[in-house]
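Here is the structure we will look at, set down as structure tokens.
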Amino acid sequence: MQGSRQLVALCRPALNQRQALRALAVRVGGPKVLSTSAAPVQRVHRMKSPVCEWPRLVQSACSSSVAKRFLSSHSTASNVVDVSVQNFQQVFAEKVTFIIACYMPQDQISSAVVARLESAIREYPSLKLARIDVDSNREMIEALSLEVVPTVLVYSNQRVLDKITGDMSPEKVNELLSRLAGAEEKVSVLERIKKANQMYSQGEFVGALETYKDILQQEEEGSENGAMCLAGLAMCALALEDANGAVGLVEQLKEKYSRWLESPMVKQAVTGVNMSIEARKMGGSVEEFQAIVTENPDDMKAREKLAVLLFSQQEYSEAIEQALYIFNKDKNKAEGNGRNLLLR
4 MQGSRQLVAL CRPALNQRQA LRALAVRVGG PKVLSTSAAP VQRVHRMKSP
54 VCEWPRLVQS ACSSSVAKRF LSSHSTASNV VDVSVQNFQQ VFAEKVTFII
104 ACYMPQDQIS SAVVARLESA IREYPSLKLA RIDVDSNREM IEALSLEVVP
154 TVLVYSNQRV LDKITGDMSP EKVNELLSRL AGAEEKVSVL ERIKKANQMY
204 SQGEFVGALE TYKDILQQEE EGSENGAMCL AGLAMCALAL EDANGAVGLV
254 EQLKEKYSRW LESPMVKQAV TGVNMSIEAR KMGGSVEEFQ AIVTENPDDM
304 KAREKLAVLL FSQQEYSEAI EQALYIFNKD KNKAEGNGRN LLLR
């Protein structure tokens, strides 16, 4: 394979590119050290010839209408990019989910798979198709652990999540993209919920309420994200002194989202509303009970009511401070009121 070595030597990348290729090989799970000769890549029907010995043009492939459309098309979607040894570091630095399609332009099957992916991915702007012509980028063959073409890799967060070899029908292509786009959308929704939580913690209750409401309208009934949004709405209602509204939201949680009642955010909302109801029943104000415990620190009933009132007003750190005081004074710590308050 002297000719193969000479050809690879001519195309050998710069040192920094070789180091990056080694890093890519580790992420893919391939060898850590690249050889000096091109690795043999076989077509899907497993030809035994190495890639450097494949003919430059296969008439049967070029006569295919799919291959012709792929080879002659220069109009690509904005989320489709051609990857080479020269630009792969820049391309894969982008924080999106990539579908990496490895193909040979003269191979009918791999060209058809890439054409299907390119056509379908236009409907999924959150994903990106990275096309790699292995004929022109032999240095990436071993880095990507290629054995056949076509090979499709799912690449996200600096690691390969899936590897598919062989032909892919249009149905299989759409199923893959739909599944990946759904995962991307879920991450996006969680980021929006996180942002609403931050707004809430910063006292921007109206803004947080609007964000929770917008997300909830797009969620399916009974989903975990929907449960978190309803919980957020209940906490915002409490913060805006709409206790009745908060109670109604918690009732919806219990009725339609019961499977998520033990998740932290939902549990916090339910507990907050329950304590708000309890605080309204027992009457009095934070100031009144603070005055009582200041005068008589060992009045545990007054201190317990103070803790409940503080919690209902979402003064969590002060409420926990009162509960800890009661807990430390309890003779039976395993069943005392202090422990019960802390667990709520």
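Quick note on numbering: the numbering used here labels position 76 of the sequence shown as 79, and the sequence is numbered without any gaps. Every residue, glycine too, gets a C-beta built ideally from N, C-alpha and C.
Assuming Leu241 and Gly275 make a contact with CB atoms under 8 Å, what is their CB distance in whole Å? 6 Å
Relative to the C-alpha of Gln161, which residue among Phe95, Ser139 and Ile135 is closest? Phe95
What's the call for Met360, buried or exposed, on a 16-neighbour Cβ count within 10 Å? With the chain represented from 4 up to 347, any question about residue 360 goes unanswered, as that position is not in the structure.
Using a Cβ-Cβ cut-off of 6 Å (strictly less than) and excluding sequence neighbours within five positions of Gln271, which residues of its own chain qualify? none
Using only the alpha-carbon positions, how far apart do Cys105 and Gly225 sit? For the pair Cys105 and Gly225, the Cα-to-Cα distance works out to about 40 Å.
Spatial neighbours of Val137 within its chain, please: C-beta separation below 8 Å, excluding the five flanking residues on both sides. Val44, Val54, Cys105, Tyr106, Met107, Met143, Ile144, Leu149 and Val152.
Spatial neighbours of Gly33 within its chain, please: C-beta separation below 7 Å, excluding the five flanking residues on both sides. Interpretation of Gly33 is limited by its pLDDT of 41, a score under 50 that renders its predicted location unreliable; the figure taken from the coordinates is listed afterwards. Here the set comprises Glu145, Ala146, Leu147 and Ser148.
Measuring straight from C-alpha to C-alpha, what distance separates Ala211 and Phe314? Cα-Cα distance, rounded: 20 Å.
Taking the alpha carbon of Arg195 as the reference point, which residue from Ala133, Phe101, Gly229 and Ile103 has its own alpha carbon closest? For the set Ala133, Phe101, Gly229 and Ile103, the Cα lying nearest the Cα of Arg195 is the one of Gly229.
Which listed residue (Leu120, Asn277 and Ile102) has its alpha carbon closest to that of Val163: Ile102
Just reading off the alpha helix (DSSP H) that Leu212 is part of, what are its end residues? Element bounds for Leu212: Phe208 to Gln221.
My assumption, with CB atoms under 8 Å, is that Val311 sits in contact with Met278. Please give the rounded CB distance. 5 Å
Taking its Cβ as the centre, do 16 or more other Cβ atoms sit within 10 Å of Ser81, making it buried, or is it exposed? With fewer than 16 Cβ atoms within 10 Å of its Cβ, Ser81 is classed as exposed.
Grouping DSSP H, G and I as helix and E and B as strand, with all else coil, what is Arg134? strand
Counting C-beta neighbours from all protein chains within 10 Å, is the total for Asn90 16 or more, i.e. buried, or is it exposed? exposed
DSSP state of Tyr260 mapped onto helix, strand, coil: Annotated three-state conformation of Tyr260 is coil, per DSSP.
Member of Ile124, Leu219 and Val83 whose CA lies at the smallest distance from the CA of Val176: Here the closest residue by C-alpha is Ile124.
Residue from Gly206, Thr214 and Val192 whose Cα sits closest to the Cα of Ala199: For the residues Gly206, Thr214 and Val192, the minimum Cα distance to Ala199 belongs to Thr214.
Contacting residues, own chain, Cβ-Cβ under 7 Å from Tyr203 (five flanking each side not counted): The answer, listed in chain order, is Ala211, Gly235, Met238 and Cys239.
Does DSSP put Ala242 in a helix, a strand or coil? helix
By a C-beta neighbour count over all protein chains shown, 10 Å radius and 16 as the cutoff for buried, is Asn331 buried or exposed? Exposed, since its Cβ has fewer than 16 Cβ neighbours within 10 Å.
With DSSP run on the structure shown, which of helix, strand or coil describes Tyr127? coil
Is the beta carbon of Leu233 less than 7 Å from the beta carbon of Leu264? Cβ distance not < 7 Å, so Leu233 and Leu264 don't count as in contact.
Simplified DSSP state of Met50, which is helix, strand or coil: Confidence at Met50 is low in this model, with a pLDDT of 32, below 50, so the placement of that residue should be treated as unreliable; the coordinate-derived value is given next. DSSP places Met50 in coil when its eight states are reduced to three.
Where Val99 sits in the DSSP three-state scheme: coil
Along the chain, where does the alpha helix (DSSP H) containing Ser320 start, and where does it finish? Tyr319 to Lys332
Can you tell me whether Leu156 is helix, strand or coil according to DSSP? strand
Residue range of the unbroken beta strand (DSSP E) whose run includes Val83: Val83 to Val86
Expressed to the nearest angstrom, what Euclidean distance is found between the alpha-carbon atoms of Glu121 and Pro173? 11 Å
Ends of the alpha helix (DSSP H) at Arg283? Pro267 to Met285
In three-state DSSP terms, what is Arg141? coil
Around the C-beta of Asp110, are 16 or more other C-beta atoms found within 10 angstroms, so that it is buried, or is it exposed? buried
Extent of the continuous alpha helix (DSSP H) run through Gln293: Where Gln293 is concerned, the enclosing alpha helix (DSSP H) stretches over Val289 to Glu298.
Would you call Lys257 buried or exposed, if buried means 16 or more other Cβ atoms sit within 10 Å of its Cβ? It counts as exposed.
Based on the DSSP output, what are the partners of Cys105 in its beta bridges? Ile135 and Thr154
Met303 and Glu323 - do their beta-carbons sit closer together than 7 Å? For the record, residue 323 in the displayed sequence is Ile; it is not Glu. Cβ atoms of Ile323 and Met303: not closer than 7 Å.
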